[in-house]
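Numbering (the UniProt record's numbering), first residue to last: 1 to 103.
Backbone N, C-alpha and C define an ideal beta-carbon position, used for all residues, glycine too.
Note that the structure is a prediction, hence the values are computed from the model and not measured.
Report on the structure given below.
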Amino acid sequence: MTEVLGAAELGAELGERATLVQFSTAFCQPCRATRRTLAEVAAMVEGVGHVEIDAEERLDLVRDLGIVRTPTVLVLDRSGRIVRRAAGQPRKADVIAALGRAV
Numbered sequence: 001m002t003e004v005l006g007a008a009e010l011g012a013e014l015g016e017r018a019t020l021v022q023f024s025t026a027f028c029q030p031c032r033a034t035r036r037t038l039a040e041v042a043a044m045v046e047g048v049g050h051v052e053i054d055a056e057e058r059l060d061l062v063r064d065l066g067i068v069r070t071p072t073v074l075v076l077d078r079s080g081r082i083v084r085r086a087a088g089q090p091r092k093a094d095v096i097a098a099l100g101r102a103v
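Printed below as a string of structure tokens:
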């Protein structure tokens, strides 16, 4: 199981301090709200990036990471190491708290 993700796996550069990675699917209603929440947090906290990955397009990565539902959010530290993961729609306060472990 992959524990470190980089630009090659994500298809985007890592944030300078941390990265919020969201796995979504097209018809996932909570994914839309999660996208807004993560984008707001990334805009609030300097050096934090937000990457959204379509789970259906990246089944290889989904399987490798053991993701079973959307949305799933991974919090990566600056080196791309997974420090937190959560399934379901997160609350903004929980995302900010999880970032505290990464930065």
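| Check | Outcome |
| --- | --- |
| Neighbour-count burial assignment, Gln22, 16 or more Cβ in a 10 Å radius | buried |
| Local conformation of Glu3 per DSSP, three classes | coil |
| Nearest candidate by alpha-carbon position, reference Ile96, set Ala18, Leu5, Ala7 | Ala18 |
| Straight-line gap, Ala86 to Gly66 (C-alpha atoms, nearest Å) | 12 Å |
| Gly100 vs Gly6 beta-carbon contact at 7 Å | no |
| Host alpha helix (DSSP H) of Ala98 (start-end) | 92 to 102 |
| Val83 and Asp77 closer than 7 Å at C-beta | yes |
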